[in-house]
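Step one of this worksheet: look at the structure below.
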Amino acid sequence: MSPDLDHSSRPAGQTLANDYDSFAEAYAAETESNLINGYYTRPAMLDLAGDVAGRRILDVGCGAGPLLAALRDRGAIVTGIDPSAKMLDLARQRLGDGTALHQGGLGDEPLPFPDAAFDDVVVCLVLHYLEDWTAPLAELRRVLVPGGRLIVAVNHPFVYHLIRPEGDYFATEQWSEEYTFDGQPAVLTYWHRPLHAITNEFVAAGFRIAVMSEPPPAPGAREAFPDLVTSPSGYILCYLFLVLEAV
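Going by numbering that gives the first Met the number 0, the first residue of the sequence shown is number 0, and it counts up by one from there.
Below is the structure:
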């Protein structure tokens, strides 16, 4: 699950819950077709996934289910999991009762799936909420078949340097942002880690980096959001996208 552009930086050191239950409907409405989600993150994830027909895909942090629905429409056999009960209610309204949806997340508890249950796992804007990636990545590796793909989007580490230049880019540091979703205020708290730490975590967990991407927005973004897409290239360097293969 991902935020939009309307935000302000908040001092580090404040431990705040990422309570999506408190703003689920506002978040889902705001991010359905906005620039960051509708024209950037979801298109980038779908491009990286490619042809998914017949593939068993787990969406970790599925939220209200827009990416899950798009993968299903492309022929994937989809399963979603999210810690927010209200987000899952919205996902059920979108996807119907026939889609497997589970409440849970990446943390101390194992994922409720057997070993090698999925061909692909998508983790879109989830890992940057976690301080320790060791157990979560081990679980993601466990539920993937050998050679399966982990498709990830995380906060681009350079964004932290831009937003908090006083911070230590080379450290793993906590920081928070205030957002407005469909008129409702919310606070999200993240963990920054530098690029080399991100890649080292994946390799240590048994993944091979197949793709690392910094994509532009999807076609039509500049026309739909002329005031926001202003750079000559149209790039939005918010997130880092990776495809990793389980080895």
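No residue lacks a Cβ here, since even glycine has one placed at the ideal position from N, Cα and C.
(request) Please report the Cβ distance between Phe180 and Tyr38, rounded to the nearest whole angstrom; I am assuming they are in contact, meaning their Cβ atoms lie under 8 Å. (result) No, Phe180 and Tyr38 are not in contact; Cβ-Cβ is about 17 Å, not under 8 Å.
(request) Please classify Phe117: is it buried, with 16 or more other beta-carbons within 10 angstroms of its beta-carbon, or exposed? (result) buried
(message) I need the DSSP call for Ile56, collapsed to helix, strand or coil.
(response) strand
(request) Please look up how many angstroms separate the CB atoms of Leu89 and Ala23, rounded, as I've assumed it's under 8 Å. (result) 6 Å
(message) I'd like the span of the beta strand (DSSP E) that includes Leu258, first residue to last.
(response) Missing from the structure shown is residue 258; the chain here goes from 0 to 246 and no further.
(request) Report the option in Met86, Thr171, Ala68, Val59 whose CA atom is closest to the CA atom of Tyr110. (result) The sequence as given places Leu at residue 110; Tyr does not occur at that position. The option with the nearest alpha carbon to Leu110 is Val59.
(request) Keeping to the same chain, check which residues put their C-beta closer than 6 Å to that of Tyr19; ignore five residues upstream and five downstream. (result) Ser83, Met86
(message) Checking 9 Å against the spacing of the C-beta atoms, do Ile150 and Met44 come in under that value?
(response) yes
(request) Give the straight-line distance between the Cα atoms of Pro209 and Leu94, rounded to the nearest whole angstrom. (result) Here residue 209 is Ala; the residue named in the question, Pro, does not match the sequence. Rounded to the nearest angstrom, the two C-alpha atoms are 31 Å apart.
(request) Please report the residue range of the beta strand (DSSP E) in which His195 lies. (result) Run containing His195: none in the beta strand (DSSP E); it sits in the alpha helix (DSSP H), 194 to 203.
(request) Ignoring anything shorter than 3 residues or poking outside the segment 22 to 66, list the beta strand (DSSP E) runs there in chain order. (result) 55 to 59
(message) Looking only at its chain, what residues have a beta carbon closer than 7 Å to the beta carbon of Asp167, apart from the 5 residues adjacent to it on each side?
(response) none
(message) Using a 10 Å radius around the Cβ and a threshold of 16 neighbouring Cβ atoms, would you call Ala220 buried or exposed?
(response) buried
(request) Taking only the alpha-carbon atoms, compute the straight-line gap between Ile235 and Thr40 and give it to the nearest angstrom. (result) 10 Å
(message) Could you compute how far the alpha carbon of Gly205 sits from the alpha carbon of Gly182?
(response) 42 Å
(message) Please report the distance separating the alpha-carbon of His127 from that of Glu222.
(response) 30 Å
(request) Output yes or no for whether 9 Å exceeds the beta carbon distance between Ala152 and Leu124. (result) yes
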